[in-house]
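Q: So that we are looking at the same thing, I have put the structure below in structure tokens.
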Amino acid sequence: MKNKDKEKSPGTLLQEQLGKKWELAWKDLSDEESIKVKEISDDYIRFLTAGKTERQCVTLSVELAEKAGFKPLEAYQKAGKINCGDKVYLVHKDKTVVFLVAGRESIEKGMAIIGAHIDSPRLDLKPSPLYESDDMAFFKTHYYGGIKKYHWVTIPLAMHGTVVKKDGETINISIGEAPEDPVFCITDLLPHLSQEQNTKKMTEGITGEGLNIIVGSQPYPEKDLKDGVKLNILNHLYTKYGMREEDFATAELEVVPAGAARNVGFDESLIGGYGQDDRICAYTALRAILDREEAPDRTLCVILADKEEIGSVGNTGMHSRFFENTVAELIDLMAVKKPEMAMRRCFMNSEMLSADVTAGVDPNFTGTHDKGNAPYIGKGMVLSKYGGARGKSGSNDAHAEFMGKMRQTLETAGVIWQMGELGRVDLGGGGTIAHILAEYGMDVLDCGPALLSMHSPFELASKIDLYMCYKGYKTFLA
Ligand code: MN
Ligand code: MN
Numbered sequence: 004m005k006n007k008d009k010e011k012s013p014g015t016l017l018q019e020q021l022g023k024k025w026e027l028a029w030k031d032l033s034d035e036e037s038i039k040v041k042e043i044s045d046d047y048i049r050f051l052t053a054g055k056t057e058r059q060c061v062t063l064s065v066e067l068a069e070k071a072g073f074k075p076l077e078a079y080q081k082a083g084k085i086n087c088g089d090k091v092y093l094v095h096k097d098k099t100v101v102f103l104v105a106g107r108e109s110i111e112k113g114m115a116i117i118g119a120h121i122d123s124p125r126l127d128l129k130p131s132p133l134y135e136s137d138d139m140a141f142f143k144t145h146y147y148g149g150i151k152k153y154h155w156v157t158i159p160l161a162m163h164g165t166v167v168k169k170d171g172e173t174i175n176i177s178i179g180e181a182p183e184d185p186v187f188c189i190t191d192l193l194p195h196l197s198q199e200q201n202t203k204k205m206t207e208g209i210t211g212e213g214l215n216i217i218v219g220s221q222p223y224p225e226k227d228l229k230d231g232v233k234l235n236i237l238n239h240l241y242t243k244y245g246m247r248e249e250d251f252a253t254a255e256l257e258v259v260p261a262g263a264a265r266n267v268g269f270d271e272s273l274i275g276g277y278g279q280d281d282r283i284c285a286y287t288a289l290r291a292i293l294d295r296e297e298a299p300d301r302t303l304c305v306i307l308a309d310k311e312e313i314g315s316v317g318n319t320g321m322h323s324r325f326f327e328n329t330v331a332e333l334i335d336l337m338a339v340k341k342p343e344m345a346m347r348r349c350f351m352n353s354e355m356l357s358a359d360v361t362a363g364v365d366p367n368f369t370g371t372h373d374k375g376n377a378p379y380i381g382k383g384m385v386l387s388k389y390g391g392a393r394g395k396s397g398s399n400d401a402h403a404e405f406m407g408k409m410r411q412t413l414e415t416a417g418v419i420w421q422m423g424e425l426g427r428v429d430l431g432g433g434g435t436i437a438h439i440l441a442e443y444g445m446d447v448l449d450c451g452p453a454l455l456s457m458h459s460p461f462e463l464a465s466k467i468d469l470y471m472c473y474k475g476y477k478t479f480l481a
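Sequential numbering of the sequence shown, starting at 4, is according to my numbering.
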């Protein structure tokens, strides 16, 4: 017993023994770990700044993985086999990617899987976006995922994406991030003329059809030409990218907040940036599997999926069979006797962390959480037993046994974790990819850091939560 404890009353001591106080994860951080927090945060800020779209995140992740010794599945297919310790990746449609490290044990015993998503809410250009109005040129957009529309006006915007031209040539466009690049923006009304707008509901003050991006204002130099400003933009696009108006129909151009992710606060304890839902989990999960050096017992797997923000649909979303097919390809190279059965057993026996963010308590907004069951910024990795809405509808509900196992694993490794529900009962709710993988019969648990201003152009995360998630994912992939 410490000296201090001698002074405590029996009741206080009993409270400490039997009760649970969820503490800030910064407490008791060693000097060595403080250095690690800084190193991981700096690296994550670079990742977040460079990965503004799902395609960019795939490219970045593959680059990092190749440096860590990962090779594409085709390389192993050429060799005809996969051995214990082999590091494999498979990219699907440039938008989703699976990383695998073959384990010592039979694949039938299951894998340790972490799944995160790399798509984020944004504005997509419509198929025919360009128009001129009152001598200014605009792009029309159709928003992707859950946004609050008023967040997207009067901020600098960048544009990233892929254009497939008439002749089949594909080009990538990325403009608005470099300091010398121009940016784009959506206007808002000045306060002096906002009397009518101000009386509208927040959901109606800025409309979906009103999210039009200004792209130019100078006319093509020819007198009395109709839509000269639009022509000038078309001419610019042709000169710079060789594209014509029709090529927008076969393009995917995503408009996102421009600029780098940043340190936030005098103490620089927070990270601010666009797309932290869910690139903070994508980065920490990726890094956890890349930092693993020795061959694991179980086969390890990290999935970075697309389309989570619109329901995990489409052939790059988690509902697609791409993941099942990837595992089938893996087993095909593992010289397993009954591959069909092996795959089923593998899925049944796997364990999965659905790595996604949740909503932290924000003192600026009261009444959104039950504070005794809420995630807090800085209190470590949040384990969410369930999500869903209106009575947990649509949720994966992790079993107590699996949660108990994870709790032991995390505590043994010194990972600070907390429990948390996304918000108070019946206020709203949300989903992740957890329930999709649970369909295979495997155990799945939602976990990740809490964010503030989630789904906004500048989301906030705590550096200590980032670090605890990395540490937690690394421990799980043991
Ligand atoms: Mn998410
Ligand atoms: Mn989300």
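For every residue, glycine included, the Cβ atom is placed at its ideal position computed from N, Cα and C. From a predicted model like this one, the values you see are computed outputs, not experimental measurements.
Which of the three DSSP states, helix, strand or coil, is assigned to residue 221?
A: Of the three classes helix, strand and coil, the one that applies to residue 221 here is coil, per DSSP.
Q: Note down the Cα distance separating residue 389 from residue 414, rounded to an integer number of angstroms.
A: 21 Å
Q: Return the first residue and the last residue of the alpha helix (DSSP H) that residue 175 is part of.
A: Residue 175 -> not in any alpha helix (DSSP H); beta strand (DSSP E) instead, spanning 173-178.
Q: Apart from the five residues just before and just after residue 475, which ones in its own chain have a Cβ nearer than 6 Å to its Cβ?
A: Only 384, 413, 418 meet the Cβ criterion.
Q: Which residues bound the beta strand (DSSP E) around residue 167?
A: 160-167
Q: Out of curiosity, what's the CA-to-CA distance linking residue 205 and residue 376?
A: 28 Å
Q: Between the Cα of residue 46 and the Cα atoms of 290, 478, 379, 401, which residue gives the shortest distance?
A: 290
Q: Relative to ligand 1, what is the chain-ordered list of residues with a Cβ closer than 5 Å to any of its non-hydrogen atoms?
A: 280, 281, 359
Q: Going by Cα to Cα distance, which pick from 34, 177, 56 is closest to residue 244?
A: Cα-wise, what sits closest to residue 244 is 177.
Q: CB of residue 458 to nearest heavy atom of ligand 2: below 7 Å?
A: yes
Q: For the alpha helix (DSSP H) holding residue 239, just list the boundary residues, first then last.
A: 231-244
Q: Could you round the C-beta distance between residue 292 and residue 452 to whole angstroms and report it? I think they count as a contact, below 8 Å.
A: About 18 Å separates the two Cβ atoms, so there is no contact after all.
Q: Just to check, is the beta-carbon of residue 312 closer than 7 Å to a non-hydrogen atom of ligand 2?
A: yes
Q: Express the C-alpha separation of residue 321 and residue 158 in angstroms, rounding to a whole number.
A: 32 Å
Q: In this structure, what does DSSP give as the bridge partners for residue 101?
A: 93, 306
Q: Hey, is the stretch 63-77 in contact with the stretch 270-277, meaning 3+ C-beta pairs nearer than 8 Å?
A: Because the criterion of three Cβ pairs below 8 Å is not met, the stretch 63-77 and the stretch 270-277 do not touch.
Q: Return helix, strand or coil for residue 342, following the three-state DSSP convention.
A: Residue 342 sits in a helix when the DSSP states are folded into three classes.
Q: Taking all protein chains shown into account, decide if residue 123 is buried (16 or more other Cβ within 10 angstroms of its Cβ) or exposed.
A: Buried: at least 16 other Cβ atoms inside 10 Å.
Q: Report yes if the CB atom of residue 152 is closer than 8 Å to the CB atom of residue 210, and no otherwise.
A: yes
Q: Tell me the start and end of each unbroken alpha helix (DSSP H) in the stretch 410-444 that is at least 4 residues and wholly inside, in chain order.
A: 437-441
Q: Report the CB separation of residue 336 from residue 79 in whole angstroms; it is logged as a contact under 8 Å.
A: 6 Å
Q: At what residues does the alpha helix (DSSP H) containing residue 255 begin and finish?
A: Looking at the DSSP string, residue 255 is not in any alpha helix (DSSP H); the run it does join, the beta strand (DSSP E), is 254-260.
Q: Do the stretch 130-137 and the stretch 304-317 meet, that is, are 3 or more Cβ pairs less than 8 Å apart?
A: Segments in contact, no.
Q: Please go through the stretch 307-377 and give each complete beta strand (DSSP E) segment of 3 or more residues, from N-terminal end onward.
A: 354-358
Q: Residue 173 to residue 165, Cα distance in whole Å?
A: 7 Å
Q: Which partner residues does residue 400 have in the DSSP bridge list?
A: 389
Q: Select from 371, 272, 472, 27 the residue whose C-alpha is nearest the C-alpha of residue 466.
A: 272
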